[in-house]
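Heads up: take any position in the sequence shown, counting from 1, add 173, and you land on the working numbering.
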Amino acid sequence: MRFACIAISCILGWEVHARATTTEDPYAEVNASWERFGAVYSRIIDNYYDDLNQEKVMASAIDGMLGQLDTYSQYYDEEGLRQLRQDTTGKFAGLGITVAIKDGFPVVISPIEDTPADRAGLKPGDLIVAVEDQSTLGMPLAEVVNILRGDQGTMVHISIAKGLGASPIPIEVRREIIKIKSVVLVEELQNGIGYISMRQTRFSEHTSAEVEQAIKNLRGVKGLVLDLRGNPGGLLRQATQVADLFLPKGAVIVTIREREGRREEVRRSQRRPIAEDVPLVVLIDEGSASASEIVAGAIQDNDRGVIIGETSFGKGSVQTIFDLHEVSSSALKLTTALYYSPSGRSIHRDQGGGIDMGHRVLLGDNELPPLMIMDLILRSGDLNGALAALQAHFDINQQSAQRIMATRLGDLVGKTKTNLEEGMPDSVINRTYYTQKGREVFGGGGIKPDINIKPDLIPDYIRNLARRRLFFDFAIDHVSTDSTWLENNPDLMVNDEMVSDFIGFVQARKDGEIGTKKGLSQIEEIEGLIEDMGWGEEVQESVKQLRESVEQVWDQPFSNKLKPHIKKAIRRELILRFRGRKTQLLEGLEQDQQLAKAVEVLVNQDQYFEVLADNEIK
């Protein structure tokens with residue numbers, strides 16, 4: 174089969190290029206396999222006892238083939254291809270809101286600044302009770318999103334309610350092209366340090382222009398922090414152009430190598446940088462992948478700045494998009510190469526590749542950060558939406574996304590794997606490489622920072638509550654926009670009484686405790702067994718006493734221990750609702766240990782240059 178390249182920009186690591194065709198047929202084995210497949214397929218169609226959906230059968234066959242490859246190789250149908258283009262361009266026609274499901278209705282999580290939804294006055298917590306005079310009660314989230322989106326310039330009629338049972342408010346909104354920004358915050362911090370956040374965004378078509386403008390807005394600062402934590406990657410071209418802003422002309426950014434040495438391409442900086450001399454810190458964590466790792470690796474290997482945070486994800490593969498227009502409106506994303514940092518190291522994480530990265534979910538040869546998974550799931554509202562979100566964010570196929578969804582909750586909320594290599598030197602675990610100045614760096618498992626700083630740990634119980642969106646729901650239900658609470662609490666401070674109300678709210682919902690208090694889930698299983706077996710009152714009473722004892726152990730000391738975390742989580746939701754996304758982001762920076770270390774290093778110039786001059790990684 175001949176494949177033509179798709180006419181869209183490549184996503185990273187995605188390279189799009191045409192392969193030369195030949196008159197010879199080197200695929201005799203492939204042809205034999207096609208004959209074998211055709212023989213099986215024709216007999217299924219002709220002889221199976223029941224009617225078959227041939228489209229689904231073929232989709233399953235394709236998924237089966239891709240299931241033998243890596244997690245990043247994927248088939249896109251027409252809808253998937255549309256989403257792919259959206260992710261690539263970073264824009265779509267719609268209203269500009271993030272939505273989930275609450276009380277059976279779509280609920281506004283947050284409007285995007287300066288979008289039709291924002292200008293129309295939509296607020297976090299608003300229920301979308303109707304779209305185009307059609308009730309949204311029980312409507313799948315994906316269907317709601319499809320209705321809200323449409324052609325640029327067209328109108329959509331929605332009805333919102335400020336709470337369950339409140340009178341609907343009709344609103345007419347004109348759809349616009351919504352640009353999803355890569356740079357979500359630009360701020361001059363104390364001590365004259367500039368901060369550029371690309372946290373949990375993507376490298377899309379306009380990323381380098383956004384970063385360049387951010388640098389220009391921060392002219393005169395003593396140092397720059399580029400925050401790539403939780404950034405899963407995106408366009409390779411944009412990654413090289415972002416690195417280009419900081420590196421001298423001609424510096425190596427990344428090398429791309431196909432299998433068996435068929436092709437090797439070295440990409441270098443092409444322009445005079447606009448921030449060549451300003452001290453630079455790049456923040457990374459376990460969620461920084463692909464394009465983020467290219468930027469961090471280029472900065473580190475060229476000794477241009479200091480990398481702070483946690484070891485990155487370790488996705489060093491390049492995916493090529495092949496257009497399948499000759500058979501349908503579809504495409505194939507296939508891993509075709511690996512990329513290498515300027516020092517020659519591959520940061521791709523192989524099976525069993527070594528460094529314990531904390532609480533992860535294993536997927537093939539990678540481990541995924543659970544907080545990011547939970548955030549994607551809770552924002553999706555339904556199973557199909559969650560699967561689509563996981564596929565898009567991690568650049569994985571549907572089978573891999575389904576495996577993530579099948580992961581036990583305990584694995585998502587903090588079950589760690591045994592780190593057999595703990596205490597072993599990096600030179601044993603990974604191959605050693607050297608930067609331009611001779612500093613040691615390591616390949617084979619993500620970008621290891623120059624200064625390792627772990628973030629504040631979030632207790633498992635809090636993670637579980639956040640995953641279930643209980644903090645958001647509580648903030649919406651407890652504090653209405655027309656309540657006197659806001660007048661009496663202009664600083665949005667959360668007191669002990671509100672924490673107690675929240676605990677009561679969680680207990681009433683009966684969905685915040687399951688799986689969070691060790692021992693209770695096992696007790697529930699025993700209670701179910703007792704009921705099934707019809708055992709007597711004596712056994713029932715014993716188990717009842719055990720449950721009461723366990724709950725007593727957990728309730729008081731455990732809840733007291735968690736109060737500061739509960740206060741912080743509720744306040745975060747209140748700030749988003751009443752002060753907006755920017756204020757929420759700034760609030761989160763105040764107690765950010767990794768950022769604090771970055772500022773410290775940039776303010777203390779001796780420390781900064783000591784790290785870059787030293788011959789070993791800190």
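In this text, a Cβ means the ideal position worked out from N, Cα and C, and glycines have one as well.
- By the Cβ neighbour-count rule, R745 is buried, with 16 or more other Cβ atoms within 10 Å of its own.
- One Cα belongs to G367, the other to G396, and the distance between them is close to 6 Å.
- DSSP places F419 in the coil class of the three-state scheme, outside both helix and strand.
- In the displayed model, A510 falls within a strand according to three-state DSSP.
- Between the alpha carbons of A771 and L456 lies a gap of roughly 8 Å.
- Taking a 10 Å sphere around the C-beta of V203, we find fewer than 16 other C-beta atoms and assign the residue as exposed.
- Closest by C-alpha distance to K741, out of R209, R752, S722, Q764, is Q764.
- 8 Å or more divides the Cβ of L362 from the Cβ of A334.
- Non-local beta-carbon contacts of L511 in its own chain, meaning distances under 8 Å to residues more than five positions away in sequence, involve I429, R430, G489, S490, V491, S519, H521 in chain order.
- In this structure, the straight-line span from the alpha carbon of T508 to that of Y249 is close to 14 Å.
- In this structure, G294 is the residue among G294, A769, R258 with its C-alpha nearest to the C-alpha of I270.
- Counting only runs that start and end inside the stretch 425-456, the beta strand (DSSP E) elements of at least 3 residues fall at 425-431, 437-441.
- Taking all protein chains in view, the Cβ of Y513 is crowded by 16 or more other Cβ atoms within 10 Å, so the residue is classified as buried.
- An exposed status is given to Y221, since fewer than 16 other beta-carbon atoms sit within 10 Å of its beta-carbon.
- In this structure, the CA atom of G753 is about 29 Å from the CA atom of L408.
- Here H330 is exposed. Its C-beta has fewer than 16 other C-beta atoms within 10 Å.
- About 6 Å separates the beta carbons of I743 and A648, which is inside the 8 Å limit, making them a contact pair.
- By the beta-carbon neighbour count (other beta carbons within 10 angstroms, threshold 16), T608 is buried.
- Separation of E449 and S442 (C-alpha to C-alpha, rounded to the nearest whole angstrom) is 12 Å.
- Annotated three-state conformation of G470 is helix, per DSSP.
- Inter-segment contact for the stretch 343-363 and the stretch 382-394 is present: three or more beta-carbon pairs are separated by less than 8 Å.
- Around the beta-carbon of M238, fewer than 16 other beta-carbon atoms lie within 10 Å, marking it exposed.
- The shortest C-alpha to C-alpha distance from P289 to any of M328, G701, F644, D633 is the one to M328.
- Sequence-distant Cβ neighbours of R445 in its own chain, meaning closer than 6 Å and more than five residues away, are K422.
- Within the stretch 204-270, the alpha helix (DSSP H) runs of at least 4 residues that lie entirely inside it are, in chain order, 227-239, 251-262.
- L310 has its alpha-carbon roughly 31 Å from the corresponding atom of K354.
- At a Cβ-Cβ threshold of 8 Å, P628 and Q766 count as neighbours.
- Annotation for Y245: K488, S490, Q492, K506, T508, D568, I569, N570 place their beta carbon closer than 8 Å to its own, counting only its chain and skipping 5 residues before and after.
- C-alpha of R440 to C-alpha of A412: approximately 11 Å in a straight line.
- Distance from the CA of V679 to the CA of L643, rounded to the nearest whole angstrom, comes to 7 Å.
- For the set L749, P737, W207, E721, the Cα lying nearest the Cα of D664 is the one of L749.
- Between A266 and G323, the beta carbon gap of about 6 Å places them in contact (Cβ cut-off 8 Å).
- Note that the C-beta distance between A416 and V468 is below 8 Å.
- H566 carries a helical assignment under DSSP once its states are collapsed to helix, strand and coil.
- Annotation: D779 to Q247 spans about 48 Å, alpha carbon to alpha carbon.
- Within the model, the alpha-carbon separation for L257 versus I577 is close to 20 Å.
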